[in-house]
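In this note's numbering, the protein residues as written are 2 to 98.
By construction, the Cβ of each residue, glycine as well, lies at the ideal position given by its N, Cα and C atoms.
As the structure is a computational prediction, the values presented were derived from the model and not from experiment.
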Amino acid sequence: MKHAIFLVVLLQGPDVLAAQEIRGGCLSPVPPDTTLPAGVLRQYRQELSVEFEAYFRAVTDYIACLDAERAAAFDEARGVTERYADFLEVVTKDENK
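Shown next, in the form of structure tokens:
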């Protein structure tokens, strides 16, 4: 099995290993910090409100990004499944000869 994996990586090149690192371009936003003392929260109420609004906009974009990544992963898996079926058909035909 190790030899088969090595052969796949060898035939497809180093891009196979790098592809995993490129995925997941969705960065989750950091929520505003509300663990500060009440006086500080009151003093910076306006700024924190702006931060919350920015967070909610960013989290909406983040969720859209995750949805797009999920759809892309399903499309890729569907294509790989089709290629695997083709592969099995070729291998099976060769074994039956």
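query: Closer than 8 Å is the cut-off here; do at least three beta carbon pairs connect the region 81-90 with the region 39-52?; result: no
query: Mapping DSSP to helix, strand and coil, what is Gly80?; result: helix
query: Measure the Cβ-Cβ separation of Tyr63 and Pro33 and say whether it is below 8 Å.; result: no
query: Whole angstroms are fine: how far does the CA of Thr36 sit from the CA of Ala65?; result: 28 Å
query: Confirm, please, whether the CB-CB distance from Pro30 to Ala59 is below 8 Å.; result: yes
query: Do you know how far the Cα of Arg84 is from the Cα of Glu77?; result: 11 Å
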